[in-house]
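According to numbering that gives the first Met the number 0, the sequence shown is numbered sequentially starting from 0.
Ideal Cβ positions, reconstructed from N, Cα and C, are used throughout, including at glycine.
Note sheet for the following structure.
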Amino acid sequence: MYQSELTAIEWRSDQWLFQFGGLRPDNVLEYFSQSPFWDSSSNNAILKMQTQFNDLQQASYNLSSMVGIEFAVTHQEPPALFIITKFRRSSPTKVVPLAVYYIVDGNAYEAPNLHSIISTRMLSSVKKVEEAFEVARKHSEFHPSIGYSWKETTEQKNARKAALKEKDS
């Protein structure tokens with residue numbers, strides 16, 4: 000799937016939420032791993048596969064010592080809100096955020112990137128300016144000897160002349 004397609008997805012697993020009694024800080028990444036946003040080649044997934052059949056716990060491994068893609072809960076307000084960030088780790092101290100996801104009341108979404116937000120806002124602003132110019136164009140007229148002028152109805156002309164007479168007197 001393309002990255003832009005994922006921002007239009009809302010994902011939820013009612014069965015998982017019911018089975019595990021809702022979302023908590025200790026199970027939110029497990030819930031997120033069921034979503035289409037999850038990268039099965041991430042360090043989190045690798046550790047999960049390596050530790051699922053033994054007594055070692057995934058938490059005992061330090062993700063910061065691994066290089067590659069990883070997911071981390073970066074903000075939480077249980078049980079309603081969890082923010083998960085996808086990082087690319089190149090060293091124990093160097094991480095680059097790749098995407099941000101949020102889970103609100105069990106619904107998972109990918110947050111749009113800054114470019115998408117700004118381009119959408121600019122496009123809607125330009126559209127409004129175009130509409131304003133179209134309205135102005137409909138109320139103007141062009142004459143070769145005079146140039147552009149505003150179209151006025153007879154009532155508008157009379158009102159303007161009356162206002163000028165009133166101002167002069």
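Cβ-based burial, residue i [other Cβ within 10 Å; buried from 16]
i: F36; result: buried
i: L62; result: buried
i: Q2; result: In this prediction, Q2 scores a pLDDT of 49, lower than 50, which makes its location untrustworthy; no coordinate-derived value is stated.
i: W149; result: exposed
i: S34; result: buried
i: Y147; result: exposed
i: E151; result: exposed
i: N42; result: buried
i: I102; result: buried
i: F70; result: buried
i: E9; result: exposed
i: F17; result: exposed
i: E130; result: exposed
i: A158; result: exposed
Selection from the options that minimises the alpha carbon distance to residue i
i: V95; options: T84, Y101, V103 and D104; result: T84
i: E29; options: A44, S40 and T152; result: A44
i: H74; options: P24, S32, D167 and E109; result: P24
i: F19; options: V66, V99, M48 and G105; result: G105
i: T92; options: F81, G67 and T50; result: G67
i: R88; options: S168, W15 and S64; result: S64
Per DSSP, cross-strand counterpart(s) of residue i
i: I102; result: F81 and A107
i: S148; result: E140
i: R87; result: I68 and V95
i: W10; result: A107
First and last residue of the uninterrupted beta strand (DSSP E) at residue i
i: A71; result: G67 to E76
Rounded distance between the beta-carbons of residue j and residue i, thought under 8 Å
i: L22; j: P77; result: 7 Å
i: V27; j: V72; result: 6 Å
i: L97; j: F86; result: 6 Å
i: A107; j: F31; result: 6 Å
i: T6; j: E109; result: 5 Å
Residue range of the alpha helix (DSSP H) that includes residue i
i: H25; result: Position check: residue 25 holds Asp in this sequence, whereas His was assumed. Here D25 belongs to no alpha helix (DSSP H), and DSSP marks it neither H nor E.
i: D167; result: T153 to D167
i: L62; result: Counting along the chain, L62 falls outside any alpha helix (DSSP H), and DSSP gives it neither H nor E.
i: N43; result: N42 to T50
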